[in-house]
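S.K.: Going by this note's numbering, the letters in the sequence shown line up with residues 6 to 509, in that order.
We put the CB at the ideal spot given by N, CA and C, even for glycine.
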Amino acid sequence: MAVSNEAAVGHAKKIPFGGYHSNTIPPHDPLITETDSGTPLGEYMRRFWHPVCMSMELTDTPRFVELMGEELVACRDKSGNVGVWHAHCCHRGASLEYGMIQDKGIMCSYHGWKFDLDGRCYEVPAALGEEKDGEAFAASVWQGAYKAFEKHGLVFVYMGPPEEEPPFPDWEGGLVAPGDEIVAFSNFQHCNWLQVQDNPADQYHHIPLHTTAVVPGHEQTTTFAEAGATPFKVRPDLQFFNIQEGRGIAWTSSRRISDDKIFIRVNSQVLPNLSFHSYLFETGEKRKIFSRVHMLRWTTPVTNTTSKMIGWRIVGPTIDPRGLGLKLKHLIGYETIDFLNGQVAMRRPERIKYLEEDPNGLPPIPGDHRTRKDYKDAQYAPGDYEVQITQRPIAVHALENPMKCDGGVYMFRKLLRDAVNGDNPKTSAAAWREWFQENNARNTFCQGNILEIPGAPTQAEEVEKRRAIAKDVIAATRESDNLSGDERVKFIEQKYAEIEKKYS
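1. Is the distance from the Cβ of residue 177 to the Cβ of residue 446 below 7 Å?
2. Taking a contact to mean a Cβ-Cβ separation below 7 Å, would you say residue 137 touches residue 121 in this structure?
3. Just how far apart, CA to CA, sit residue 490 and residue 180?
4. Just list the residues that DSSP pairs residue 151 with in beta bridges.
5. Tell me whether the region 256-266 and the region 229-247 touch, counting them as touching only if at least three CB pairs, one residue from each stretch, are closer than 8 Å.
6. Confirm, please, whether the CB-CB distance from residue 393 to residue 204 is below 7 Å.
7. So residue 52 and residue 169 are in contact, right, with Cβ under 8 Å, and what is the actual spacing, rounded?
8. Between the Cα of residue 309 and those of 269, 200, 450 and 327, spot the shortest distance and give me the residue it belongs to.
9. Kindly list the residues whose CB is nearer than 7 Å to the CB of residue 388, restricted to its own chain and excluding five residues on each side of it in sequence; keep chain order.
10. Taking all protein chains shown into account, decide if residue 372 is buried (16 or more other Cβ within 10 angstroms of its Cβ) or exposed.
11. Apart from the five residues on each side of it in sequence, which residues of its chain come closer than 6 Å, Cβ to Cβ, to residue 34?
12. Can you tell me whether residue 416 is helix, strand or coil according to DSSP?
13. If we ignore side chains and look at the alpha-carbon of each, how far apart do residue 400 and residue 31 end up?
14. Return the first residue and the last residue of the beta strand (DSSP E) that residue 118 is part of.
15. Considering only DSSP beta bridges, list what residue 244 is partnered with.
16. Helix, strand or coil for residue 79 per DSSP?
17. Would you call the CB atoms of residue 113 and residue 99 closer than 7 Å?
18. Taking Cβ to Cβ, would you say residue 208 is nearer than 7 Å to residue 243?
19. So, with DSSP's three-state summary, where would you put residue 190?
20. Could you give the DSSP three-state label for residue 263: helix, strand or coil?
21. Given 8 Å as the limit, is there contact between the region 290-305 and the region 452-461, that is, 3 or more CB pairs closer than that?
22. DSSP puts residue 33 in a beta bridge; with which residues?
23. For the beta strand (DSSP E) containing residue 3, list its first residue and its last residue.
24. Is residue 20 buried or exposed, if buried means 16 or more other CB atoms sit within 10 Å of its CB?
25. To which residues does DSSP link residue 454 through a beta bridge?
26. By DSSP's criteria, residue 71 is part of a beta bridge. Which residues make up the other side?
27. Name the DSSP bridge partner or partners of residue 100?
28. Can you tell which of 280, 288, 312 and 353 has its C-alpha closest to the C-alpha of residue 318?
29. Between which two residues does the alpha helix (DSSP H) carrying residue 211 extend?
30. Since residue 3 and residue 193 are thought to touch, with beta carbons under 8 Å apart, how far apart are those beta carbons, to the nearest angstrom?
31. Under the DSSP definition of a beta bridge, which residues are partnered with residue 114?
32. Jot down the residue ranges of each uninterrupted alpha helix (DSSP H) in the region 465-496, minimum 4 residues, whole runs only, in chain order.
33. Could you check what DSSP says for residue 225 in three-state terms: helix, strand or coil?
34. Closer than 8 Å is the cut-off here; do at least three beta carbon pairs connect the region 266-282 with the region 432-451?
35. Please tell me whether residue 385 and residue 220 are closer than 7 Å, where the distance is taken between their beta carbons.
36. Looking at the structure shown, is residue 18 part of a helix, part of a strand, or coil, going by DSSP?
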């Protein structure tokens, strides 16, 4: 007699030991996860600038890289200019990663064809007496190439149609206070890009992942308590906001940290794959108004099942009065980050050994999380890396059981879906290009605030109060969006002083 599992996806029986009735795995959602050339999301994302690697990865030999499923080779030529080409030579397919760096561009080692940064073939070696034929042939072929440049230790590339190239955004005209500095980093993830991008909007994962998810005696600096950021131990009240006409989201994490102080943290994400993070080492001891960006990060798709968290950490006395960023600056870079352990496959003790051997070295990235040396340590004290990559190579959204705290994740996915489908005209690639052409120094909503506001008499009143305060913070930030620089800061300071007075 034939038997079958009749449980349909989404209608599994919820009974004790009922795993049999929920063992069917539906497909992932390709529309907002797959970025290969020709896919809807891939075509959308190719209309933006993306970081492809760190500047330190470009040495005296070409660097093989991947982005959105395309195999590429990058190098800095002997004139100091950066080039990014299709990896396989247009002659007969040999990889340019074994090419020779030239004064101008790169030479394929197989037959000596030379390519300029824009892909133009400027030399094809020919037999004696046939030089003119070689010149004519060279003029007829092009190697696939993409425009690239370096900024603050990262290499950015534009992979879309040349005629649709947008300006590179200079958020707020620069996010670094005098005396602070930008430090680049790149952290590889063995999973699809979207589940990595989901993570910042899920601020509730701080409890327990970065608070209690550690076996006593096996602490490995994966928790905020170990970093002295005690306010993050308090469970946040989360609210989510659509900002800048659907171009991104902001969320408030509100925490009562003392009888007379409330911590209102605002992080944000911008389509298609950028996130802004406020101060990560907050102690909550002193009043603080409109502390700005501590980290900005792109989640770049490498392939459909691998990605990178790549971006900039800002360190220095203004953004980080505790000085932890400067103290741990050596831990910001290739396959390492300073704020919490467990962000990449290689745990910190092993990574430090590589740093001690060669501070500019590029250590091998573990290929499988279960066979790496640090597997047991990661089980004792998991970090973001472990929970992100184990949602399957591409997370299956149909199997999720979302809670209220997942609102930001679902809000951003909807904005992304609307953008890819063309349902929001403000987020088309052309509209983005025009938006940045009008003003290339757009504002962020990212901020950290310690407001001097007393608690409410009852828990119910306290919940209502902190939610109202957070909404007022977002309202003031929206109102300031047409201002810039010191004018915006002064406006915010005045508004937040009014908020403190209103709720005291």
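M.R.: Here's the rundown:
1. Between residue 177 and residue 446, the gap from beta carbon to beta carbon is short of 7 Å.
2. Taking 7 Å as the cut-off, the Cβ atoms of residue 137 and residue 121 do not count as close.
3. Taking the Cα positions, residue 490 is about 10 Å away from residue 180.
4. According to DSSP, residue pairing for residue 151 in a beta bridge involves 89.
5. Put simply, the region 256-266 touches the region 229-247. At least three CB pairs are less than 8 Å apart.
6. Yes, these two residues count as a Cβ contact at 7 Å.
7. With 8 Å as the limit, residue 52 and residue 169 qualify as a contact, their Cβ atoms being about 6 Å apart.
8. Checking every option, the nearest Cα to that of residue 309 belongs to 200.
9. Counting only residues of its own chain and dropping the five nearest sequence neighbours on each side, residue 388 has a CB closer than 7 Å to the CB of 227, 345, 346, 347 and 348.
10. Residue 372 should be labelled exposed.
11. Excluding five sequence positions before and after residue 34, the CB atoms of its chain that fall closer than 6 Å to its own CB belong to 402, given in chain order.
12. Helix at residue 416.
13. Near 10 Å, if we compare the C-alpha coordinates of residue 31 and residue 400.
14. Going by DSSP, residue 118 is part of no beta strand (DSSP E) at all; its letter is neither H nor E.
15. BP columns for residue 244 point to 257.
16. In the three-state scheme derived from DSSP, where H, G and I count as helix and E and B as strand, residue 79 is classed as strand.
17. Against a cut-off of 7 Å, the Cβ pair of residue 99 and residue 113 comes out as a contact.
18. Between residue 208 and residue 243, the C-beta spacing is below 7 Å.
19. In the three-state reduction of the DSSP assignment, residue 190 falls in the strand class.
20. The DSSP-derived three-state label of residue 263 is strand.
21. Enough Cβ pairs lie closer than 8 Å, so yes.
22. Residue 33 pairs with nothing; no bridge assigned.
23. As shown, the chain starts at 6 and ends at 509. That puts residue 3 outside it, with no answer to give.
24. Answer is exposed; the Cβ neighbour count stays below 16.
25. As computed with DSSP, residue 454 is found in a beta bridge with 269.
26. In the DSSP output, where bridge partners are listed per residue, residue 71 has 76.
27. Residue 100 is bridged to 93.
28. Cα-wise, what sits closest to residue 318 is 280.
29. Counting along the chain, the alpha helix (DSSP H) containing residue 211 begins and ends at 211-214.
30. In the structure as shown, the chain starts at 6 and stops at 509, and residue 3 therefore has no counterpart that could be examined.
31. Residue pairing of residue 114 in beta bridges, as defined by DSSP: absent, with no partner found.
32. The qualifying runs do not exist here; there are none.
33. When DSSP states are grouped into helix, strand and coil, residue 225 belongs to the coil group.
34. With the cut-off at 8 Å, the region 266-282 and the region 432-451 touch.
35. With a cutoff of 7 Å on beta-carbon distance, residue 385 and residue 220 are scored as near each other.
36. Residue state, collapsed to three classes: coil.
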